[in-house]
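Number of protein chains: 2
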Amino acid sequence: MHGDSLRKLDIDQVARIAMGATLLGAGGGGDPYISLLAARQFHAQGGGHANLIGLADLDDDAQVICIAGFGAPTVEKERLFELPHVVHAVRTLEEHIGRKADALIPAEMGGSNSLVPIVAAAACGLPVIDGDGMRRAFPELQMTSFSINGVSASPFVMADEHLNTAICHSKDDRKGEAIARAVCMGMGVFCILAAYPMSGRDAKRVAIPDTVTLALELGRTIENARSGASPIDSLVEGIRANAADIDVVRLFDGKVADVWRSTERGFAIGWVDLAPLDGASHRAHIEFRNEYLALTLDGVPRALTPDLISVVDSETAEPIPTPDIRYGQRVTALGLSCHPVFRTERALKVVGPEAFGMEHTYRPLAELAARHPGA
Amino acid sequence: MHGDSLRKLDIDQVARIAMGATLLGAGGGGDPYISLLAARQFHAQGGGHANLIGLADLDDDAQVICIAGFGAPTVEKERLFELPHVVHAVRTLEEHIGRKADALIPAEMGGSNSLVPIVAAAACGLPVIDGDGMRRAFPELQMTSFSINGVSASPFVMADEHLNTAICHSKDDRKGEAIARAVCMGMGVFCILAAYPMSGRDAKRVAIPDTVTLALELGRTIENARSGASPIDSLVEGIRANAADIDVVRLFDGKVADVWRSTERGFAIGWVDLAPLDGASHRAHIEFRNEYLALTLDGVPRALTPDLISVVDSETAEPIPTPDIRYGQRVTALGLSCHPVFRTERALKVVGPEAFGMEHTYRPLAELAARHPGA
Chain A
0 MHGDSLRKLD
10 IDQVARIAMG
20 ATLLGAGGGG
30 DPYISLLAAR
40 QFHAQGGGHA
50 NLIGLADLDD
60 DAQVICIAGF
70 GAPTVEKERL
80 FELPHVVHAV
90 RTLEEHIGRK
100 ADALIPAEMG
110 GSNSLVPIVA
120 AAACGLPVID
130 GDGMRRAFPE
140 LQMTSFSING
150 VSASPFVMAD
160 EHLNTAICHS
170 KDDRKGEAIA
180 RAVCMGMGVF
190 CILAAYPMSG
200 RDAKRVAIPD
210 TVTLALELGR
220 TIENARSGAS
230 PIDSLVEGIR
240 ANAADIDVVR
250 LFDGKVADVW
260 RSTERGFAIG
270 WVDLAPLDGA
280 SHRAHIEFRN
290 EYLALTLDGV
300 PRALTPDLIS
310 VVDSETAEPI
320 PTPDIRYGQR
330 VTALGLSCHP
340 VFRTERALKV
350 VGPEAFGMEH
360 TYRPLAELAA
370 RHPGA
Chain B
0 MHGDSLRKLD
10 IDQVARIAMG
20 ATLLGAGGGG
30 DPYISLLAAR
40 QFHAQGGGHA
50 NLIGLADLDD
60 DAQVICIAGF
70 GAPTVEKERL
80 FELPHVVHAV
90 RTLEEHIGRK
100 ADALIPAEMG
110 GSNSLVPIVA
120 AAACGLPVID
130 GDGMRRAFPE
140 LQMTSFSING
150 VSASPFVMAD
160 EHLNTAICHS
170 KDDRKGEAIA
180 RAVCMGMGVF
190 CILAAYPMSG
200 RDAKRVAIPD
210 TVTLALELGR
220 TIENARSGAS
230 PIDSLVEGIR
240 ANAADIDVVR
250 LFDGKVADVW
260 RSTERGFAIG
270 WVDLAPLDGA
280 SHRAHIEFRN
290 EYLALTLDGV
300 PRALTPDLIS
310 VVDSETAEPI
320 PTPDIRYGQR
330 VTALGLSCHP
340 VFRTERALKV
350 VGPEAFGMEH
360 TYRPLAELAA
370 RHPGA
């Protein structure tokens, strides 16, 4: 670890990361507000700032641990973010593997799940890695570039705010998800996960780099967009300027005409219908499981997981997580292309529409847009 | 540990223990048949015999670990008993607590759950304690004399036959049950539990002594009863002869008129209706959750948990576990009084009818019988 390669994150940057990660979170990854309050409180109490370290600056033999909130974001909103149990999860996994962590890595970019590792890193006196396992959020344990590239989630630790703790080993990450989801339900449908213990060498091989910085830049973009005349246009331009490899498609502008949601099997599941503001009969329908996973326009797929569907407020360009989407909101649905790691045949078996029980077959965002240029 | 205090269990004795424990299991504790096959196979492969050690012969500073099958007995019947994962559960808990076990103790007396510790002990080269936490079977983790007397189930280990493993700590045993049940569901509704790590001193304080020997004697009683002219009378006499402190009440003779069952929330739940053989209109109704928990006669309670309800075949006096009860069987329902440890106000909150969501208030078997002498 090279001291000069660390970049200190101040609280304003942390807030921007939360905002940008909520856009990348595609509706999931948790509510940034509560985690941000926890971060502010931690800083106000003199808790220090987390340092960001680039993947390339990690020592090969460093011990990396991944940390995240796990469960239904609808429930997370009702349970307080407690720093002690986040630290407890890290410490329990360290103790179990017999090795102290040298750095923490986010599992995903998502509202609270971009912040959990940052606050945990500050509290543990560790750097947080500028990278993650998704460059978006996904609902399940095995849906990471780590797992897809052969790094196991096991052993992993789950802990709730009462310090109820489970240390789990599973034969593969899909079974790990089944056990983790069950434990999470036993703990009340939300808990902290410390998982994917890996070497710095493996982290460089399997993580998606520079995603915390990307979230920071996107957060700044949203800040700027909401003060401009055309927030959505500014946001789209800003995404393109900061992420040349991300296709952005403006999928639908309208208002929320209907929402159905349920907390089931440890997830926040449901759907949203959007109607045009001009009263036309077109309908966009979005299915979600923690994250927005598929958008169809009049029954025809326009964006499918693993590509990102981000729903933003049409007037402020601020992203709206799935637990917060409400009847009557004026929103714009954006499609953002996923990281290429998720577009392989092997990866699509883990994160494609079929993996969520949907009948759609994945086609990239740009291809779906090209098929229906006039829609 | 005193070598001369160990009593070697041969395979015939193990089979008798399984039979007697199935009677004590009150319908639960698992199917003895599969575990007995595993025990026979283990012995046939030269696996050695387990030694039984009396509680009084345990060293105070011995390390005791409790081992049991956990989940729905209906599912256990469909999953093979694999010795390696039983041993794995013991070894994982030993490793986690940093101390080798000196003896294993059964959680409960029940068909397979009397055998799991015996076979595990033989495979681990450890003695098995002549005692348990129930002198019957109960469906939940916290329903033990260990827990009621202040010994925590945590840390506990759950493992399935693929060696998926969870090491859990919970703030109390009721929460531990919620987490264990969830893990068990994540592992497919049956797994092996290693729990209640305790000292020999604590085991002497909190365990119910001599219950393996009791199961052995009751197994012998059933063997003798089924060859006699009046199997049920012989069985009742035999229980009384072997367990002076157990009241026995012959609750109902009849045939199974209706059964409903479901595997839900990690349990085998359901009910049984019994009708008299003479066509009279009386009906006995038995509710079960893994174990038979309440018997009412024409709507009036005759036996309530924690007292035991054992349903036996009227012609062979062999106990019938809840997964095996079928329409048309000719059966006798017996009531056996529970160990006094479960009759305190504190214990009844854990194992009384209300703890299972029933509206009955516990009254001892003898008192319920005295109220309805003619029934």
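Protein chains in written order, with numbering that gives the first Met the number 0: chain A, 0 to 374; chain B, 0 to 374. Note that CB positions come from ideal geometry on N, CA and C, so glycine has one too. Quick caveat, the model's predicted, so the values are computed rather than measured.
Note that the stretch 347-355 of chain A touches the stretch 298-313 of chain A; at least 3 beta-carbon pairs, one per stretch, sit closer than 8 Å.
In the three-state scheme derived from DSSP, where H, G and I count as helix and E and B as strand, Asp159 of chain B is classed as coil. DSSP, read as helix, strand or coil, puts Asp252 of chain A in strand. Ranked by Cα distance from Leu22 of chain A, the options A:Glu366, A:Gly175, A:Pro320, A:Phe341 are led by A:Pro320. Inter-residue distance for Leu114 of chain B and His168 of chain A is about 26 Å (C-alpha atoms, whole angstroms). Scanning its chain for C-beta atoms nearer than 6 Å, with the 5 sequence neighbours on each side dropped, one finds around Met157 of chain A the residues Ala165, Val182, Cys190, Leu192, in chain order. The beta carbon of Gly185 of chain B sits closer than 7 Å to some beta carbon of chain A.
According to the DSSP secondary-structure assignment, Leu333 of chain B is paired through a beta bridge with B:Arg249, B:Ser309.
For Ile66 of chain A, DSSP records a beta bridge to A:Pro105, A:Ala193. The three-state reading of DSSP puts Phe137 of chain B in coil, since its state is none of H, G, I, E or B. Within chain B, the residues whose beta carbon sits less than 7 Å from that of Arg180 of chain A are Gly185, listed in sequence order. Apart from sequence neighbours up to five positions away, the residues of its chain that approach Glu286 of chain A with a beta-carbon distance below 6 Å are Trp270, Leu292, Ala293, ordered along the chain. In this structure Asp172 of chain A is in contact with Ser146 of chain A, their Cβ atoms being roughly 4 Å apart against a cut-off of 8 Å. In summary, the residues of the stretch 185-206 of chain B whose CB is separated from some CB of chain A by less than 9 Å are Gly185, Met186, Gly187, in the order they occur in the chain. By the 16-neighbour rule on beta-carbons within 10 angstroms, Pro105 of chain B is buried. As for any alpha helix (DSSP H) of minimum length 4 sitting wholly inside the stretch 16-57 of chain A, the runs are 31-43, ordered along the chain. For the beta strand (DSSP E) assignment, the uninterrupted runs of no fewer than 3 residues enclosed by the stretch 218-286 of chain B are, from N- to C-terminal side, 247-263, 266-274. In this structure, Ala120 of chain A sits near Leu103 of chain A, with a CB-CB distance shorter than 7 Å. By the rule that beta-carbons nearer than 7 Å mark a contact, Thr262 of chain B does not touch chain A. Counting along the chain, Gly97 of chain B sits inside no alpha helix (DSSP H), nor does DSSP assign it H or E at all.
Thr164 of chain B has a beta carbon lying within less than 7 Å of a beta carbon in chain A.
Between Lys174 of chain B and chain A, the shortest Cβ-Cβ separation is below 7 Å. Between Ser313 of chain A and Val330 of chain A, the C-beta gap is smaller than 7 Å, which places the two residues in contact. Put simply, the CB of Lys170 of chain B is near chain A, with a gap under 7 Å to one of its CB atoms. If you compare the alpha carbons of A:Glu160, A:Glu139, A:Ser280, A:Gly237 with that of Val350 of chain A, the shortest gap goes to A:Glu139. No Cβ of chain A is located within less than 7 Å of the beta carbon of His84 of chain B. For Arg362 of chain B, the secondary structure class from DSSP, reduced to helix, strand or coil, is coil.
Taking C-alpha positions only, Leu234 of chain A is separated from Ile221 of chain A by approximately 6 Å. With its beta carbon less than 7 Å from one in chain B, Ala177 of chain A belongs to the interface. Residues of chain B whose Cβ lies closer than 7 Å to the Cβ of Cys167 of chain A are, in chain order, Thr164, Ala165.
If you compare the alpha carbons of A:Leu364, A:Ala179, A:Leu215, A:His161 with that of Val299 of chain A, the shortest gap goes to A:Leu364.
Residue pairing by DSSP places Val127 of chain B opposite B:Leu51, B:Leu103 in a beta bridge. When only Cα atoms are considered, Leu5 of chain B and Ala49 of chain B end up about 9 Å apart. Residue nearest to Asp252 of chain A within the set A:Ile231, A:Pro196, A:Ser198, A:Ala242 is A:Ile231 (criterion: CA-CA distance). Against chain B, the beta carbon of His87 of chain A has no neighbour under 7 Å; the closest one sits roughly 10 Å away.
Boundaries for Ala354 of chain A: no beta strand (DSSP E) harbours it, and the DSSP string shows neither H nor E there.
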